[in-house]
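The block underneath contains the structure these notes are about, expressed in structure tokens.
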Amino acid sequence: MKNYDLVRHVKGESKFVDDILTPEGCLHAYVLYSQIAHGDIKSVNIDDALQMEGVEGIFTAKDIPGENQIGGIIQDEELLASCKVDFIGQPIAIVVAKTVALAKEASKKIIVDIEELTPVIDPRVAFEKGELIMSPRVFSLGDVEANWNKCALIVEGTVESGGQEHLYLETQGAFACPVEGGGVKIVSSTQSPTTVQKTAAKVLGLKMHLIEVDVLRLGGGFGGKEDQASQWAAMAAMAALKLNKPVKLILPRQDDLRMTGKRHPYSSDYKMGLNKEGKIVNYEVTFYQNAGASADLSPAILDRTLFHCTNSYFVPNVKATACSCKTNLPPNTAFRGFGGPQGMFVIEAAIYKAAEKLGIDPCFIQEKNLLAEGDEFSYGQKAEQCMATASWESAISKFNLPHLKKEIDEFNAASKIVKKGIALMPICFGISFTTTFLNQASALVHVYSDGSVGVSTGAIEMGQGVNMKIRQVVASVFSIKIDRIKNETTNTTRNANTSATAASSGADLNGKAAQLACNNILNRLKDAAAKYLSLENSDLIEIKDEVIYYENKPTRLLWNELISSAYMQRVSLSSHAYYAPPGIYFDKDKAKGKPFAYHVYGTAIIQVAVDCLKGVYEIESVKIVHDFGKSINKAIDRSQTEGAVMQGIGWMTMEELKYNENGRLLTDALSTYKVPDIYFAPKEFEVEFLDNPNDSLAVFNSKAIGEPPFMYGIGAYFAIMNAMKSYKPEKNFEIISPMTPERLLLSLYN
Ligand code: MTE
Ligand code: LUZ
Ligand code: MOS
47 MKNYDLVRHV KGESKFVDDI LTPEGCLHAY VLYSQIAHGD IKSVNIDDAL
97 QMEGVEGIFT AKDIPGENQI GGIIQDEELL ASCKVDFIGQ PIAIVVAKTV
147 ALAKEASKKI IVDIEELTPV IDPRVAFEKG ELIMSPRVFS LGDVEANWNK
197 CALIVEGTVE SGGQEHLYLE TQGAFACPVE GGGVKIVSST QSPTTVQKTA
247 AKVLGLKMHL IEVDVLRLGG GFGGKEDQAS QWAAMAAMAA LKLNKPVKLI
297 LPRQDDLRMT GKRHPYSSDY KMGLNKEGKI VNYEVTFYQN AGASADLSPA
347 ILDRTLFHCT NSYFVPNVKA TACSCKTNLP PNTAFRGFGG PQGMFVIEAA
397 IYKAAEKLGI DPCFIQEKNL LAEGDEFSYG QKAEQCMATA SWESAISKFN
447 LPHLKKEIDE FNAASKIVKK GIALMPICFG ISFTTTFLNQ ASALVHVYSD
497 GSVGVSTGAI EMGQGVNMKI RQVVASVFSI KIDRIKNETT NTTRNANTSA
547 TAASSGADLN GKAAQLACNN ILNRLKDAAA KYLSLENSDL IEIKDEVIYY
597 ENKPTRLLWN ELISSAYMQR VSLSSHAYYA PPGIYFDKDK AKGKPFAYHV
647 YGTAIIQVAV DCLKGVYEIE SVKIVHDFGK SINKAIDRSQ TEGAVMQGIG
697 WMTMEELKYN ENGRLLTDAL STYKVPDIYF APKEFEVEFL DNPNDSLAVF
747 NSKAIGEPPF MYGIGAYFAI MNAMKSYKPE KNFEIISPMT PERLLLSLYN
């Protein structure tokens with residue numbers, strides 16, 4: 047039940063966009079981008095570049111046949127800058143040549159004259175200037191104003207969290223080939239083939255049916271290809287149609303780092319009030335999201351920050367405001383957790399600061415305020431099948447927290463320079479796109495006459511194992527061997543109007559659609575079997591391990607024979623099915639509803655050791671009790687958990703994006719942008735499956751896993767703070783992430 051791509055990956059046989067065997071005469075595109083973060087374009091001169099041998103075409107904004115517009119939620123982003131530039135890395139021209147090297151060489155001969163304006167980098171500055179992507183959004187519950195005087199303790203402060211580079215191994219790219227009738231076929235590294243199709247259609251001024259998008263797999267997406275894969279595909283398609291030749295466009299790593307958006311940095315203000323017992327009475331928070339130069343998915347990400355701003359706690363009075371601030375950075379975009387982590391980090395910081403004031407361990411406040419069954423979130427949904435306390439208590443007892451703490455206290459008492467720290471991190475993450483209409487999927491299943499099966503859905507395989515889970519669904523419904531089943535590519539002509547594989551719901555939505563399609567075929571097969579065996583009641587027919595049973599007894603009929611018999615009886619062996627989860631809705635104006643099909647819960651205990659002289663730290667252990675529902679694939683779910691946690695720890699600790707005051711990304715290479723490697727991985731990594739047999743809208747009750755564990759990483763930040771605190775107990779540290787070794791030292795000794 048391992049992710050079956052593993053073997054191909056290890057052998058280097060898996061194909062990515064850049065590996066496609068291209069037809070003869072395939073051209074290569076390079077994108078010229080702005081070196082200035084904010085300014086007016088005076089002129090773009092391509093004459094010299096066009097003269098170069100081997101250059102086949104150069105395209106700028108004025109060459110776009112359709113609309114020069116790629117904005118999804120808000121129409122505020124040009125494909126190619128026409129009169130102004132808003133960030134360093136913004137595309138200005140597409141250079142197409144016989145080789146990539148030639149195209150890049152030619153791009154250097156293009157003369158762009160830009161009159162510089164002052165860039166804005168800081169979201170608070172943008173807010174002051176009124177530079178907002180949209181009007182601020184507010185979620186509220188109870189009455190904050192009326193309750194401050196009931197609080198025994200009030201803490202206030204600010205929190206900063208940094209951005210994060212996706213660092214998918216496969217950079218952005220696409221291959222486009224003109225086809226008969228004026229259309230184009232695009233192979234893209236995208237989480238959302240339909241978005242690519244729509245965007246290309248709009249830019250090219252074509253109907254969607256003239257554009258076919260095909261995706262085999264991605265070398266990682268992590269949200270970075272939910273919205274931002276479209277522009278490269280549209281550019282390749284435009285060049286292909288203009289020149290009537292196949293065109294490939296693959297971003298070189300450094301260009302990808304400079305040009306594409308990242309996780310949103312946030313700057314936040316909080317005020318929290320607690321009563322004498324440590325119960326949170328009031329929570330007021332304002333988020334300033336650094337959106338970058340255009341909206342992209344920022345509004346939806348901002349919403350999720352609000353949805354998750356109280357994490358796994360019940361807070362009776364909440365007022366949460368979120369502002370999406372326009373700055374001169376590349377448009378920031380989806381990244382695992384989708385704004386949730388930024389929201390959760392702030393309430394954890396507030397709890398940490400409250401505990402600091404009370405001189406107690408934050409886990410006492412965390413525990414006191416955990417969500418209970420039926421508690422209301424600020425957006426009106428109630429906690430159902432709530433596993434907050436169950437996972438918390440189970441983590442404490444399974445991993446013997448009192449013992450861990452005692453060991454740490456003893457160690458710290460004896461050790462002067464190296465200090466250990468520990469923190470608990472409970473999580474609660476809502477599953478469903480909060481934009482309700484996106485929660486839909488389809489599947490197309492063909493059983494071939496030899497008994498083999500092909501399944502197509504809208505799901506994109508990006509390493510998370512969704513293809514394996516879908517095969518398991520098909521194998522389980524038909525009760526056949528898994529190697530009979532093949533995942534087809536994700537293609538807009540087989541599954542139309544699909545949503546991105548995102549919001550951790552790829553397996554839920556597409557798996558359920560596949561289940562429905564298989565059930566349609568199974569019902570026809572049962573009728574065909576009854577006919578073939580001359581039996582009365584097809585309801586009493588079942589397939590078990592490829593054997594056809596009647597009234598719980600095996601018949602002589604096997605899967606293969608059943609299929610050929612059904613074919614000869616002229617029974618359709620194909621089905622298309624559509625799935626939309628029931629019961630979810632959200633009223634944006636009232637900011638109330640039931641946006642999530644269900645929530646995922648869990649608790650992590652993270653232990654670190656900090657060298658307070660050098661500033662370096664080690665993650666000693668990560669111990670998790672997580673609510674997987676009833677996992678259909680523990681190997682995949684465990685590896686998703688481990689990967690997400692490491693990515694979350696990276697965000698909180700060593701991954702630092704630095705921009706200078708001109709809006710230039712300084713950390714634009716892997717020598718300056720560090721992600722966790724195997725040496726940084728915790729020595730001990732335990733993942734316990736919390737037993738949760740409850741019915742849910744998850745596929746076969748196997749809960750969504752892609753994003754939720756990311757947020758356990760926040761625990762690493764507070765574990766480090768905890769260690770720092772034992773070195774300098776009197777110091778009140780600012781809450782600024784990432785906690786790089788450099789920041790750690792400066793915080794200790796400044
Ligand atoms: N795992 C791998 N290996 N590569 C990825 O790009 N993306 C993550 C997560 N796990 C990702 C991954 C993100 S951001 C999401 S939303 C989910 O996978 C999407 O897939 P799912 O809906 O099938 O869980
Ligand atoms: N994308 C989206 C997402 O459009 N809506 C969401 O709610 C979401 N959540 C997580 C990741 N991507
Ligand atoms: Mo994931 S951020 O929903 O692609």
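Per this note's numbering: the sequence shown ends with 796, consecutive numbering throughout. Glycine included, C-beta positions come from ideal geometry on N, C-alpha and C.
- Just measuring C-alpha positions, the residue of Gly103, Gly270, Val230, Phe524 sitting nearest leucine 604 is Phe524.
- For arginine 616, the three-state secondary structure derived from DSSP is coil.
- With a cutoff of 9 Å on beta-carbon distance, lysine 640 and glycine 405 are scored as not near each other.
- For the region 750-789, the full-length alpha helix (DSSP H) segments reaching 4 residues or more read 760-773 along the chain.
- Secondary structure of histidine 84 (DSSP, three-state): coil.
- Between leucine 178 and cysteine 371, the C-beta gap is smaller than 9 Å, which places the two residues in contact.
- Phenylalanine 475 has Val646 as its beta-bridge partners, per DSSP.
- Going by DSSP, isoleucine 347 is part of the alpha helix (DSSP H) stretching over 344-353.
- A direct Cα-to-Cα measurement between alanine 368 and glutamine 335 gives close to 7 Å.
- By the 16-neighbour rule on beta-carbons within 10 angstroms, aspartate 529 is exposed.
- With a cut-off of 8 Å, the C-beta of threonine 245 is classified as distant from the ligand LUZ, since no heavy atom of the ligand falls inside that distance.
- Counted as a single uninterrupted DSSP element, the alpha helix (DSSP H) harbouring asparagine 566 occupies residues 552-578.
- Per the coordinates, the alpha-carbon of arginine 304 lies some 31 Å from the alpha-carbon of lysine 57.
- Checking the DSSP bridge columns, you'll see glutamate 730 partnered with Ser667.
- Taken from the Cβ of leucine 264, at least one heavy atom of the ligand MTE lies inside 8 Å.
- Around the beta-carbon of threonine 145, fewer than 16 other beta-carbon atoms lie within 10 Å, marking it exposed.
- Rounded to whole angstroms, the gap between the alpha carbons of serine 89 and tyrosine 79 is 14 Å.
- Between serine 618 and glycine 497, the gap from beta carbon to beta carbon reaches 9 Å or more.
- The region 467-484 makes contact with the region 643-655; the number of CB pairs closer than 8 Å reaches 3 or more.
- The residues Asp260, Val261, Leu262, Ser502, in chain order, have a CB closer than 8 Å to that of threonine 535 in the same chain once the five nearest residues on each side in sequence are set aside.
- Scanning its chain for C-beta atoms nearer than 6 Å, with the 5 sequence neighbours on each side dropped, one finds around glutamate 730 the residues Ser667, in chain order.
- Look at the beta carbons and you see the region 59-72 touching the region 283-298: at least three pairs across the two are nearer than 8 Å.
- Distance from the C-beta of arginine 710 to the nearest heavy atom of the ligand MTE is not below 8 Å.
- The beta carbon of lysine 444 is closer than 7 Å to those of Val671, Glu734 in its chain, skipping five residues each way along the sequence.
- In this structure, the C-beta of tyrosine 214 approaches the ligand MTE to less than 8 Å from one of its heavy atoms.
- For tyrosine 705, no beta strand (DSSP E) run applies, since DSSP gives it neither H nor E.
- For the region 291-330, the continuous alpha helix (DSSP H) assignments of 4+ residues that do not extend past its boundaries occur at 299-305, in sequence order.
- Under the three-state reduction of DSSP output, threonine 713 falls in the coil class, being neither helix nor strand.
- Separation of leucine 571 and alanine 612 (C-alpha to C-alpha, rounded to the nearest whole angstrom) is 7 Å.
- Threonine 480 and phenylalanine 353 do touch by the CB rule: their CB atoms are close to 6 Å apart, below 8 Å.
- Around glycine 71, the same chain offers Lys291, Pro292 as residues with beta carbons nearer than 8 Å, after the five sequence neighbours per side are excluded.
- Following the DSSP letters along the chain, one finds threonine 601 inside the beta strand (DSSP E) bounded by residues 599-604.
- With fewer than 16 other Cβ atoms from the protein chains shown falling within 10 Å of its own Cβ, serine 181 counts as exposed.
- Taking the Cα positions, threonine 539 is about 6 Å away from glutamate 258.
- Not one heavy atom of the ligand MOS is found less than 8 Å from the C-beta of glutamate 592.
- Following the DSSP letters along the chain, one finds alanine 366 inside the beta strand (DSSP E) bounded by residues 363-372.
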